[in-house]
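Residues in the sequence shown are numbered from 1 upward in steps of one, following full-length UniProt numbering. A virtual CB, placed ideally from N, CA and C, is assigned to each residue, including glycine. Following: one structure in structure tokens, then a few remarks.
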Amino acid sequence: MTSYQKSDILELNCLSFNRKKTCFSCGLSSGFKIYNTSPFQKRFKRKFESYGITQLELLGSSNIMTFVRSSTPNKLTVWDDYQSQDIAELNFETKITALKIFMDKIVVCCSDSITVYRLTDLESLDRINTYPNPQGFISVRENAEEQLKVLAVPGTKRGEIVIKSYTDNSYTNVFKVFDQQLGQIQLNKDGTMVAVSSIEGTLIRVFDCKTKVLLLQFRRGKKKANIYSMAFNEEENILAVTSNRGSIHFFNVPSDAREATKKKKEKGGISYGKYGMKKERGVLKTNLTNTLPNIITFIGNELIVIIKNGWYFKFLVDKKRGNVVQKEELLFLK
1 MTSYQKSDIL
11 ELNCLSFNRK
21 KTCFSCGLSS
31 GFKIYNTSPF
41 QKRFKRKFES
51 YGITQLELLG
61 SSNIMTFVRS
71 STPNKLTVWD
81 DYQSQDIAEL
91 NFETKITALK
101 IFMDKIVVCC
111 SDSITVYRLT
121 DLESLDRINT
131 YPNPQGFISV
141 RENAEEQLKV
151 LAVPGTKRGE
161 IVIKSYTDNS
171 YTNVFKVFDQ
181 QLGQIQLNKD
191 GTMVAVSSIE
201 GTLIRVFDCK
211 TKVLLLQFRR
221 GKKKANIYSM
231 AFNEEENILA
241 VTSNRGSIHF
251 FNVPSDAREA
261 TKKKKEKGGI
271 SYGKYGMKKE
281 RGVLKTNLTN
291 TLPNIITFIG
301 NELIVIIKNG
311 WYFKFLVDKK
321 RGNVVQKEEL
331 LFLK
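As structure tokens, this is what we get:
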């Protein structure tokens with residue numbers, strides 16, 4: 001079996017999908033590269049002689065992006081690749097741990113805060129203080145115009161989450177999801193449900209964002225693990241989870257989870273609902289020959305896995321037949 005543990009000559013510092021998942025970005029030790037997600041294809045690259053890129057987010061499929069240079073980890077740069085130059089900058093007191101960019105806003109995650117800026121003039125619109133978040137755990141969702149719709153971040157207390165809507169019917173919910181520190185956070189496509197892993201990586205809980213009710217509870221395993229990435233499929237009936245255990249777990253998301261919970265509450269039942277009290281196990285599972293950090297996303301019934309040493313995998317996920325088939329594997333950084 002092929003081993004994929006060795007890093008590429010070009011150090012890969014960060015990975016990210018654009019909002020529509022049509023392409024993914026790689027921040028490198030000497031610049032960046034952009035690829036189409038599926039079908040896989042090289043798009044463009046930029047080399048910098050004196051610094052690398054540690055955080056990178058592409059605006060749609062455009063020439064505009066935000067990134068953080070390795071030489072200035074506290075500085076956000078808005079870059080126009082057509083002009084090959086900076087068009088704006090922002091300085092922060094602490095290291096930037098994550099970035100998100102939309103047609104109307106930029107979200108910047110630092111070690112203990114999240115700040116939302118207007119894209120056109122970089123005016124600060126909102127600030128959320130968080131529990132120490134050095135890994136930049138954050139999830140966002142956009143509307144049809146690729147504008148910021150919902151934001152999910154750690155709260156100020158351990159195990160607490162903040163869900164904030166930026167739509168006309170805006171709301172802010174703060175509630176506890178674990179006794180321990182949060183791990184990965186993942187909103188579904190319309191920002192109505194949020195999946196959250198424990199920092200130990202053994203449990204994943206799914207909540208209704210508006211009602212704060214626990215809908216589902218999944219057990220990834222009994223042994224501790226670092227959850228790398230989570231993704232709902234487009235039909236929102238599967239949640240995929242990857243970890244440093246080298247596995248991909250697929251959990252069933254019942255279509256009636258919220259309705260069943262609602263009826264249970266109306267009858268005076270437990271607030272955790274029909275599915276929340278039981279720790280469901282994965283309905284499907286497959287293994288990677290790689291335990292390095294990765295990001296994942298669904299495109300139709302295919303799961304795309306991008307690994308931090310430059311490997312690309314594509315899996316066909318067939319829930320009805322109960323199997324996962326690897327369709328493609330390639331080394332895109334050489």
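Does at least one heavy atom of the ligand GDP sit under 7 Å from the Cβ of residue i?
| i | result |
| --- | --- |
| residue 304 | Here there are no bound small molecules, and the ligand GDP is not part of this structure. |
Measure the alpha-carbon distance for residue i versus residue j and round it to whole angstroms.
| i | j | result |
| --- | --- | --- |
| residue 311 | residue 333 | 7 Å |
| residue 43 | residue 23 | 9 Å |
| residue 187 | residue 150 | 8 Å |
| residue 243 | residue 155 | 24 Å |
| residue 189 | residue 232 | 8 Å |
| residue 209 | residue 237 | 17 Å |
| residue 324 | residue 144 | 31 Å |
| residue 320 | residue 192 | 25 Å |
| residue 67 | residue 256 | 40 Å |
| residue 46 | residue 304 | 24 Å |
| residue 118 | residue 39 | 33 Å |
| residue 57 | residue 65 | 6 Å |
| residue 275 | residue 250 | For residue 275, the predicted model reports a pLDDT of 37, less than 50, meaning its position is unreliable and no value from the coordinates is stated. |
| residue 226 | residue 27 | 22 Å |
| residue 75 | residue 299 | 33 Å |
| residue 277 | residue 246 | Interpretation of residue 277 is limited by its pLDDT of 41, a score under 50 that renders its predicted location unreliable; no figure is taken from the coordinates. |
| residue 224 | residue 328 | 29 Å |
| residue 11 | residue 31 | 10 Å |
| residue 248 | residue 106 | 31 Å |
| residue 180 | residue 199 | 7 Å |
| residue 103 | residue 286 | 36 Å |
| residue 183 | residue 136 | 10 Å |
| residue 5 | residue 25 | Low per-residue confidence applies at residue 5: pLDDT is 42, beneath 50, and the placement is therefore not dependable enough to give any value. |
| residue 316 | residue 37 | 15 Å |
| residue 215 | residue 235 | 17 Å |
| residue 212 | residue 218 | 17 Å |
| residue 302 | residue 322 | 14 Å |
| residue 222 | residue 254 | 23 Å |
| residue 73 | residue 111 | 12 Å |
| residue 171 | residue 61 | 30 Å |
| residue 331 | residue 168 | 44 Å |
| residue 141 | residue 229 | 16 Å |
| residue 314 | residue 34 | 18 Å |
| residue 318 | residue 146 | 29 Å |
| residue 124 | residue 116 | 6 Å |
Beta strand (DSSP E) containing residue i: first to last residue?
| i | result |
| --- | --- |
| residue 209 | Careful: residue 209 lies outside any beta strand (DSSP E) and carries neither H nor E. |
| residue 143 | Looking at the DSSP string, residue 143 is not in any beta strand (DSSP E), and its letter there is neither H nor E. |
| residue 253 | Element bounds for residue 253: n/a, residue is neither H nor E. |
| residue 329 | 323 to 331 |
| residue 318 | 311 to 318 |
| residue 129 | 124 to 129 |
| residue 231 | 227 to 232 |
For residue i and residue j, which I take to be in contact (beta-carbon distance under 8 Å), what is that distance rounded to the nearest angstrom?
| i | j | result |
| --- | --- | --- |
| residue 114 | residue 59 | Not confirmed; about 19 Å, so no contact. |
| residue 18 | residue 29 | Not really, about 22 Å apart at Cβ, beyond 8 Å. |
| residue 178 | residue 201 | Not a contact, Cβ separation roughly 11 Å. |
| residue 220 | residue 241 | 6 Å |
| residue 108 | residue 99 | 6 Å |
| residue 194 | residue 204 | With 8 Å as the limit, residue 194 and residue 204 do not qualify as a contact, their Cβ atoms being about 11 Å apart. |
| residue 152 | residue 165 | Incorrect: roughly 10 Å between the Cβ atoms, too far for contact. |
Given 8 Å, three or more beta-carbon pairs between the stretch 37 to 52 and the stretch 95 to 104: no
Alpha helix (DSSP H) runs contained entirely in the stretch 20 to 95, provided each spans 4 or more residues: none
Ranges of the beta strand (DSSP E) found wholly within the stretch 145 to 213, counting only runs of at least 3: 148 to 154, 160 to 165, 172 to 176, 182 to 187, 193 to 198 and 203 to 208
Validate contact between the stretch 131 to 141 and the stretch 78 to 89 using beta carbons, cut 8 Å, 3 pairs: no
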